[in-house]
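A quick write-up on the structure given underneath.
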C-alpha cells in the first residue's frame, strides 16, 4: 500500500521469512525512494529471535548508549547489515563526539548509524538541519583529527523536515543540557592515539593518560641517532665493565689487602660492574626488552614496555636500579669510614665491627626502594639504551626515586669527606711526624681527593642532566605532540608558549656519566703492589722482582 502525505509510507506484508530476492527488492526500492521516506516493514511468521531485515534489535553501539530509544533497525541507512559494521564505521567520530564540538553530532550519528525503531520494523531518516549544524560546528575539529565528512552523509540527502528525534537538551540531564558546546580553539590536552593504546589490564600510562604507552623507537630521535647512541653506550659499558671487573678480581686475589676503611671501594666497584653489565645486555638485545612488540590488532604500533608484566624488563630494572642506588650508598659509607679513621681515630678493627650495619644500609635501603617501585609498577623501558629503568617518562618517580636519593647521598658524602680531609690535614700540621709518615699521609690525602673528584664529577653531571630533563620534559612532550598530532589524528596543542626538542648529546652525556662513575675504583687499586699480585697470580710466581713492567700509579 502506498499513501502520500507529508511523507511517503510503504507497508509490506511478509508471510514468510524474507528470501534473497525479497531482500534485494526492498533494498532497491529503499534506494530509489525520496529522502523523506519512512519505511514500515511488518514481518509475519518470521522466526522468533532470528536476525533479519525486518527486525528491531537492541542497540549495542557504545556511542549510542543512554539514548531515549534502545532499539534499532538493520540494515541502517548506510547499508550496514549489522551493528559491528556500523561500529567500525563510526569509530573515527568517537573523539569528535567526546570533545562536544556540537550538541547535535551524537544524536545525528546515532540516528543515521543506529536509526530509531519506535515500532516493530519502523525506521526514519534524520533531518537536514541537525546534519548541517553538526557539520558546521565540528568541521575545524574534524580537520584537526584528519576525519572527513563522508559523501554518504551529505546533508542535502536528508529531508528538510521536523526533527524525528528529541533534541540533545531533552535527552540529557538538566546539568548537561545547560552546557554550551566547547569551542575548537581550546587546548584539549593529550589524547592517546589508537596506535599507542594498550591493553587496559597492563596498567600503562603516558602523558597522564591511562592505557597508553610511548612509541618505540624513541619518540624524540631518528633511527640513525638511536643506532649511534646504542653503540656509544655499548662501548662505554664494556670499558666500565672491564675496569670494575679488574678491581673486583684484584680484591679476590688478596682479600686481606683491602681492609676498612678502604673495603667499601670493592663493593662500590661490584655495584657498578653489575650496572655496566645490564647496559651491555641492553646493547646486545636492542629493543627486544625495552619495547612492547606491535600488536596484531589494527593500528597498534610498537610501544615502550611498562610495569612488571615483562619479566626480563623487570629483572633489568631491579638489577640496574638496585645496584645504582647501592653504589651511591657504598660511596657514602666509604666517606664515613674515612671520617671515622680521621676524626675519632678509629682503627681498622673498630671500623670493621660496624660492617654488619654498613651492609644492612647499603643493601637494605636500595632493596626497599626497588621493591616499592616494582609494586607501584613504575618500571619503564628505555628505548635509547635498551634497558629498563625509572623516571624516563614519569617525572614524579624521577624526582623522588632518583634525584632525591642521589642528591642526599652527595650532600652527606661530601660533608663527611670534607670533615675527614680537614681532620687529616690538621693532624699533618699540628702533630710532628717523621718525614716518611708525613709523605704517606699526604699521599693518602691526595688519593682520597682524586678518587672523590673522579666520582663526584660524573655523579653531579648525571644529577644535572636529570634536573635539566625534569625541567624541559613538558616542553619536549608538547613539541612532540604538536609535530605528530595530525599524523596520529589527535587534538593539536593550542597556544604553545615554547617548543624545543632534546639534544642527543644530553642523553649521551647522561649515559656516559652513569657508567664512568664506576671507573675511579680502578685508580685506587692501581699500584705497583697490584702489578706484583697479578704477575704472581698469572705466572704462579711469588718473586715480586719479576714484575718489570709495573709502574707506580
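Residue numbers (mature numbering (1 follows the signal peptide of the UniProt record, and there is no 0)): -41 to -1, 1 to 512.
Backbone N, C-alpha and C fix where the C-beta goes; we use that ideal spot for every residue, glycine too.
Since the model is a prediction, treat every value here as computed from it, not as a measurement.
Here residue 272 is buried, its C-beta having at least 16 other C-beta atoms within 10 Å.
In the DSSP assignment, residue 298 falls outside any beta strand (DSSP E) and lies within the alpha helix (DSSP H) extending over 270 to 301. Around the beta-carbon of residue 338, 16 or more other beta-carbon atoms lie within 10 Å, marking it buried. For residue 32, the uninterrupted beta strand (DSSP E) segment begins and ends at 30 to 32. Restricting attention to 471, 38, 442, the CA atom closest to the CA of residue 458 is found in 442. Between residue 285 and residue 230, the CB-CB gap stays under 8 Å. Separation of residue 480 and residue 446 (C-alpha to C-alpha, rounded to the nearest whole angstrom) is 49 Å.
Counting only residues of its own chain and dropping the five nearest sequence neighbours on each side, residue 220 has a CB closer than 8 Å to the CB of 293, 296, 297, 299, 300, 307, 310.
Going by DSSP, residue 350 is part of no alpha helix (DSSP H) at all; its letter is neither H nor E. Your pair residue 250 and residue 342 checks out as a contact, with CB atoms roughly 6 Å apart and the cut at 8 Å. When the beta-carbon positions are compared, residue 404 and residue 383 come within less than 8 Å of each other. Per DSSP, residue 498 has no beta-bridge partner at all. Residue pairing by DSSP places residue 265 opposite 339 in a beta bridge. Membership of residue 223 in the alpha helix (DSSP H) is indicated by the continuous run 223 to 244.
In this structure residue 117 is in contact with residue 86, their Cβ atoms being roughly 6 Å apart against a cut-off of 8 Å. When DSSP states are grouped into helix, strand and coil, residue 327 belongs to the helix group. Rounded to the nearest whole angstrom, the CA to CA distance from residue 435 to residue 345 is 21 Å.
Taking residue 430 as reference, the option from 353, 388, 497, 468 with the minimal CA-CA separation is 353. Distance from the CA of residue 47 to the CA of residue 108, rounded to the nearest whole angstrom, comes to 15 Å.
In the DSSP annotation of this structure, the continuous segment of the alpha helix (DSSP H) that includes residue 64 starts and ends at 64 to 72.
Under the three-state reduction of DSSP, residue 456 is assigned to coil, being neither helix nor strand. Minimum Cα-Cα distance from residue 270 among the listed residues 347, 21, 489 corresponds to 347. A distance of 8 Å or more separates the beta carbons of residue 111 and residue 22. Around the beta-carbon of residue 464, fewer than 16 other beta-carbon atoms lie within 10 Å, marking it exposed. Closest option to residue 362, judged by alpha-carbon separation, among 91, 421, 330, 45: 421.
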